[in-house]
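Student: The sequence shown begins at 326 in my numbering and counts up by one. The beta carbon of each residue, even a glycine, is placed where N, CA and C say it ideally should be. The structure displayed is predicted, hence computed values, not measured ones. Sending over a structure as C-alpha cells; questions will come in a sec.
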Amino acid sequence: MSDASSTETGRRTGKNPGPRTGLRSRQKARLRHVPVTRRVAAWVAAVAHDPGTSLRFVIGFAVAHALLWTIILTALKSAQDVHMDVAEAYAWGQKFLLGYGKHPPLAGWIAGVWFRIFPVTDWATYALAMTVTGFGLVICWLIAVRVVDHRRAMFSVAMLALYPIFTFKGFKYNPDLLQLVTLPLFVLAYLNAFEKRSVRSGIWLGLAAALALMTKYWVLTMIGAAGLAALIHPDRMRFLRSPAPWVAFAACFAGMLPHLWWLKQADFLPLIYADDVYGGRTLGATLRLAWIYLAHNIGLLLIPVAFACIALAWKLQWWKSLRRRGLVREFIASAKRPWVRGPNPGVYLTQARNIWVIQIIVGLVPPLAAVVFGIYMKTDWGISLFFLVPLALVALPTLRVTQMALIRLLLMWLAFTLVMLLISPIIAAQTVRRDGEAGVPFAPKSEFALQLTEAWRARFNTRWAVVAGTTEVGEPLTFYSPDHPAPLTPREVWASGLTSLDAAKQSGFIGICDTKDLELHKCEAWMAENAPNAERVDLTSRRYFHGKAGPAVKWKIWIVGPARPDDEK
C-alpha cells in the first residue's frame, strides 16, 4: 500500500489524522484570547435570538428583573408604609366577592391568594407588584414574536424593563398595575384570533376580554382600540367573516355574567363612584389635566427610548469620529446609522399594523375624550396604555436592530439595576432627611395600627374586627394590624362590602378621624351619630428612621365595644 493510500485510510478511520495544518490549533488559540465578556455577550445574543431557547431566556430575564427590583423597592420604600391602594387590595382579598364597590374583583382575588401564601409584610407587596410586571414582560415578548423576529422582540422587552412603569412606578399593586398582565393577554389573544380566525381563538379572545374587564372597566379603551384596529386593517373582511369575533363576544358576555349580576345587585356602584369622583370637570380643568397626563406619560416613555437610541446608534471608537467630523455631524450620522431603506424580513407587517393602530388610538383618544366629556384624567391611568410603544417602534421596517445593539441595551439595564441596588438605601435615608416632615408618605400608620390593636385587646381581650374611617386611614390599619380588621368607610356610597354598619355595631369597632383631614367635621359628625356612647381617646404616632423623626400625626379615636346580649334585646 502506498503512503498516500495509507494516509487516506487513516484519515477516514481517525487513526491517522494526516499532516498537521495548524488550523485547529490557531482557532483554539484565537478563542483563548477572546475576552470572557465578548464570549458571554455572543452567547446571550445567540440564546435570545434562537427560537428554541429564547422563551426560557425571557422568563429568566423577567424573574431576575422581578427579584432585583423587589429588593430595590423594599430598600427604597423602607421609611414608608405601603401605599393606600396596596392596603386596599389586601383588604379586598380578605373576602372573595364578585365586586368591591369601586372596582371589579380580580385585583382583590389575586391579593387574597398572594397573601395566603406570603406574609403580610411590606416586601411581599413589592414582590407582588414586581411579579405582575415580570409576567407582563413575558406576555409582551409573546406579543412581540408575532410581530417581529426574536432579536427585535427581546430588544422591545429590554426597553420595557427600563420603562419606569416596570420599575419605580410599579411599586404599588392595584388594578392599574394588574392591567399590565390582563391587557397584554388581551392583545395577545386578539393577534392570535386575527391570524387564525377560528372558534377556539375567538373563545380565548372573549375570555381574555372578560378577564381584563374584571380588573377595571378602563380596559374598554384597549378593547375598543382593538376593535377599531380590526375595522381599519386591510384584511378586516377575512376576520369579520370568520367566527372568531362573534364567538369572542359570546364568550366575553358569558365570562362576565356573575359580575354583571353583582353589578345590578349593587346598583352599579362602580359607575356611581367613577361619575362622582372623576366626572363633572370644567373645560379648563380637563384641558390642564389632559396636558399633564400626556406630558407625564411621554416623559416616562422618553427614558427607555433614550436608552434604545444610544444602544442603536453607538459606534466603537466614537471619539475618533467625533474628532474627525465634529459634534454636529457625528450626532447626525449616529442618528441616521440604524435606519436603512428596503425590505425587512424581521417585521411581519400584517400584525405590525394592528400594533401601530392600537397604540395610536389608546395614546390619543382617552385624553381627547376626557376633554370632551369633562373627565378628571389621572396620570396613573396611563400605566397600562403604553406598553406597546417599544414594540411599535422596533416594528418600523426601516429600523435595523443589530446583535450588538441588543447586547448594549441589556448591559444598560443591568448597570442601571445594579446601581439602583447599591444606592436605594442611601436614597431612602436622604428622602427622609429632606421630606420626613412632609406628611402622608411618612405617616406612621403601621405604628398606629399596633397601638390600636393593643388598646382593643387590653379592653376586650378579643380580636379587633372592624375599623371605621376613610380609605386613606382604614385600609392601611387593616393591612398592618395583626387582627386585620375589616374596613368600614363612613359616608362612602361605594363601600367595599367587606362589612356593614350593623355588623360593626355587633362586633364593636374603632372609629378614626385624622385631625389633618379637610373634612374632619364630617367625620366627627358621623362618629357622634353612630357611636354616641363610645370611649373617646386621642393618640399621637411618630416614626423614627435612622435617628430621624418623622411627622407627629394626631388621631381622634372612638372605641365602641362588642354588643352584649342585653344590648341585643
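1. At a cut-off of 7 Å, is Ser825 close to the ligand ATP when judged by its beta-carbon and the heavy atoms of the ligand?
2. Which residue spans inside the stretch 576–600 form an unbroken alpha helix (DSSP H) run of at least 4?
3. When you compare each of Gly875, Ala811, Arg476, Leu864 to Gln419 by their alpha carbons, which one comes out closest?
4. What did DSSP end up calling Val714 once you bin it into helix, strand or coil?
5. For Gly424, name the three-state secondary structure that DSSP assigns.
6. For Met562, count the other beta carbons within 10 Å of its own beta carbon; 16 or more makes it buried, fewer makes it exposed. Which is it?
7. Taking 8 Å as the threshold, find out whether the stretch 618–625 comes into contact with the stretch 484–500 through three or more Cβ pairs.
8. Would you check if there are 3 or more beta carbon pairs closer than 8 Å linking the stretch 825–843 to the stretch 727–734?
9. Cutting at 7 Å between CB atoms, please list the residues of its own chain near Gln684, excluding the five before and the five after it.
10. Thinking Ala695 and Ala615 are a contact (beta carbons under 8 Å), I'd like their distance in whole angstroms, please.
11. Could you tell me the distance, in whole angstroms, from the CA atom of Lys881 to the CA atom of Phe804?
12. On the criterion of 16 or more Cβ atoms from any shown chain inside 10 Å, does Ser526 qualify as buried, or is it exposed?
13. At a cut of 8 Å, does the stretch 504–517 reach the stretch 468–478 through at least three beta carbon pairs?
14. Please go through the same chain and pick out, in chain order, the residues whose beta-carbon is closer than 8 Å to the beta-carbon of Thr346, but skip the five residues on each side of it.
15. So, for Val878: in the same chain, excluding its five sequence neighbours on each side, which residues have a beta-carbon less than 6 Å away from its beta-carbon?
16. Per DSSP, what are the beta-bridge partners of Ile882 in this structure?
17. Whole angstroms are fine: how far does the CA of Leu538 sit from the CA of Arg477?
18. Measure the CB-CB distance between Cys577 and Ala550 and report whether it falls below 8 Å.
19. Are there 16 or more other CB atoms within 10 angstroms of the CB of Trp586, so buried, or fewer, so exposed?
20. Near Pro691, what residues of its chain come up, given a Cβ to Cβ distance below 6 Å and the 5 sequence neighbours on each side ignored?
21. Alpha carbon to alpha carbon, how far is Val275 from Phe496?
22. If we ignore side chains and look at the alpha-carbon of each, how far apart do Tyr415 and Thr742 end up?
23. Start and end of the beta strand (DSSP E) containing Leu608?
24. By DSSP, does Leu721 sit in helix, in strand, or in coil?
25. Report the residue from Tyr425, Lys402, Glu800, Ile708 whose alpha carbon sits nearest the alpha carbon of Leu619.
26. Taking DSSP's pairing of strands, which residues face Leu813 in a bridge?
27. Under 8 Å: do the stretch 562–572 and the stretch 447–464 share three or more Cβ pairs, one atom per stretch?
28. Below 8 Å on the Cβ atoms is my contact criterion, and I expect Thr795 with Asp863 to pass it. Report the Cβ-Cβ distance as a whole number of Å.
29. Count the other C-beta atoms from every protein chain shown that fall within 10 angstroms of the C-beta of Ser806, then say buried if there are 16 or more, exposed otherwise.
30. Just the Cα atoms here: how many angstroms apart are Lys661 and Gln755?
31. Alpha helix (DSSP H) containing Lys847: first to last residue?
32. Does DSSP put Phe491 in a helix, in a strand, or in coil?
33. Are there three or more Cβ pairs, one per stretch, closer than 8 Å when the stretch 734–751 is compared with the stretch 771–780?
34. Helix, strand or coil for Tyr805 per DSSP?
35. Can you tell which of Leu392, Leu398, Gly836, Val388 has its C-alpha closest to the C-alpha of Ile751?
36. With DSSP as the reference, label Phe440 as helix, strand or coil.
Tutor: In short:
1. With respect to the ligand ATP, the structure shown offers nothing to examine, as it has no ligands at all.
2. You should have found no qualifying run.
3. Ala811
4. Of the three classes helix, strand and coil, the one that applies to Val714 here is helix, per DSSP.
5. coil
6. exposed
7. At 8 Å Cβ cutoff, the stretches touch.
8. no
9. By the criterion of a C-beta distance shorter than 7 Å, Gln684 is surrounded in its chain by Leu713, Val714, Ala717, once the five residues flanking it on both sides are discounted.
10. 5 Å
11. 20 Å
12. buried
13. yes
14. The pLDDT assigned to Thr346 is 48, lower than 50, so where the model puts this residue is not dependable; a value taken from the coordinates is nonetheless given after this. Excluding positions up to five away in sequence, the list is empty.
15. Ala768, Ser866
16. Ile837, Val862
17. 30 Å
18. no
19. exposed
20. Thr546
21. Since the displayed the chain opens at 326 and closes at 894, residue 275 lies outside it and no answer follows.
22. 28 Å
23. Boundaries around Leu608 are those of the alpha helix (DSSP H), 608–638, since no beta strand (DSSP E) includes it.
24. coil
25. Ile708
26. Ala793
27. no
28. A Cβ-Cβ separation of about 18 Å leaves Thr795 out of contact with Asp863 under the 8 Å criterion.
29. Buried, since its Cβ has 16 or more Cβ neighbours within 10 Å.
30. 42 Å
31. Unbroken alpha helix (DSSP H) run through Lys847: 845–855.
32. Correct three-state label for Phe491: helix.
33. no
34. helix
35. Leu398
36. helix
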